[in-house]
Amino acid sequence: MDIIDIHPHIISDDEKRYPPAPLFGKRSDWSQERPSTVESLIAAMDEAGVSKAAVVHSSTTYGFDNSYVVDGCNRYADRLVAVGSIDMLADDVAATIKGWKDKGLAGLRIFTGGSTKDFDPSELDNPKSFKAWEMCAELELPMCIQTGPIGLPYVAMLARKFPTVDIILDHLGRPDVLDGPPYANAASLFDIADMPNIFVKLTPRIFGDVKKEKASAESFFAKVVQAFGAQRMAWGSNFPTSPGKLSGILAEAQAGLASLSEEDRIWLFGKTAQRLYPALA
């Protein structure tokens, strides 16, 4: 099967051309300790057997300047597409989105918190941001949302308000799975599964969590597939934010999903990504 990664990052080694200007004023540790250029990503993909990728802009390095992720992906347009970030509350947000799409952007992402700050989902229900969502609908751009359980009610609201926009939940929305089956602590995730435009991204965080306490990969991923369907699930490496080689990160994901059917794994590791980002087909 074709393996497609929808969550690697790239960092330039040329800070004069691509100067860091991190969102919230604090640069992420990983981007300084484990930077990976687009060339390094391609080499890692070749080693791991990953055919293509949707590369996620590093907001904690470059803020809303998507120049490097766009330039880097355009250099390898046969294998990469760029997912960028913009100021959702800017007065000119619609024109900004159109401008980045014209330069090659294939999707957008909202970073409400994570490695450098606590989650603040207030931006998600700010009516001023709805112009951006309307433009995503017009241009058929999917939107990734980085949030935790606190933000899931807002994700549900947006899914209802903008039903033609595909929403991709980064890191599966960071559910608490340690209680094990029936995973009552992750109820807020399963509560939004009936909305057909919500997709979920499986990254190293969840593959680590299902090995802890009462959780298991077999029981949890079977429940996620039952709720969302494999056609709305996709794998993302989070490389190099997550430590280790890309080949090792992929191997952990393959082991965690080994109990699923081959058809489900074909969707998870490739076909869902192609559905979300048609240029990867």
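Start counting the sequence shown at 1; every next residue gets the next number (UniProt numbering). Ideal placement from N, C-alpha and C gives every residue a C-beta, glycine not left out.
Proximity of residue i and residue j at Cβ, strictly below 7 angstroms
i: F269; j: P8; result: no
i: R232; j: F199; result: yes
i: G104; j: N74; result: yes
i: I10; j: S31; result: no
i: D264; j: V224; result: no
i: A44; j: L246; result: yes
i: C144; j: V165; result: no
i: V93; j: A156; result: no
i: I167; j: N197; result: yes
i: A48; j: A279; result: no
i: S242; j: P204; result: yes
i: A187; j: D176; result: no
Status (buried if at least 16 other CB within 10 Å, exposed otherwise) for residue i
i: N66; result: buried
i: D170; result: buried
i: R27; result: buried
i: K52; result: buried
i: F24; result: exposed
i: K101; result: buried
i: G148; result: buried
i: R109; result: buried
i: G151; result: buried
i: S237; result: buried
i: L89; result: exposed
i: A95; result: exposed
i: A281; result: exposed
Of the residues the options, the one placed nearest residue i, counting alpha carbons only
i: V210; options: I110, V81, A255 and T147; result: A255
i: A251; options: P35, V50, S40 and R17; result: V50
i: E33; options: K101, Y76, A53 and G244; result: G244
i: K98; options: L141, M1, S237 and Y277; result: L141
i: Y62; options: R160, I150, P22 and V55; result: P22
i: K161; options: C144, E134, L152 and A43; result: E134
i: L276; options: T203, V81, A217 and P149; result: V81
i: A193; options: G180, Y18, L178 and L172; result: L172
i: Y68; options: S12, P153, D2 and F111; result: S12
i: L178; options: S219, A159, L158 and Q146; result: S219
i: M195; options: D176, L158 and P182; result: L158
i: P20; options: S259, H57, G248 and Y76; result: H57
i: Q146; options: E15, R174 and F228; result: R174
i: E213; options: S129, D71, L139 and Y183; result: Y183
i: Y18; options: F64, D91, D120 and M1; result: F64
i: A230; options: D2, D91, I266 and S188; result: I266
i: T272; options: K201, G180, F130 and D14; result: K201
i: G180; options: A217, E15 and D91; result: A217
i: D2; options: E15, D29, K16 and D46; result: D46
Integer Cβ distance of residue i from residue j, believed to fall under 8 angstroms
i: D78; j: W235; result: Wrong, their Cβ atoms sit about 20 angstroms apart, outside the cutoff.
i: S40; j: S59; result: So it is not a contact: roughly 20 angstroms between Cβ atoms.
i: F221; j: A253; result: No, F221 and A253 are not in contact; Cβ-Cβ is about 10 angstroms, not under 8 angstroms.
Helix, strand or coil at residue i [DSSP, three-state]
i: D170; result: helix
i: R160; result: helix
i: I10; result: coil
i: F64; result: coil
i: L152; result: helix
i: V165; result: coil
i: A193; result: coil
i: G244; result: coil
i: F239; result: coil
i: L105; result: strand
i: I145; result: strand
i: I86; result: coil
i: I3; result: coil
i: L178; result: coil
Closer than 7 angstroms to chain C by CB, residue i
i: I11; result: Here chain C cannot be found, since the structure has a single protein chain.
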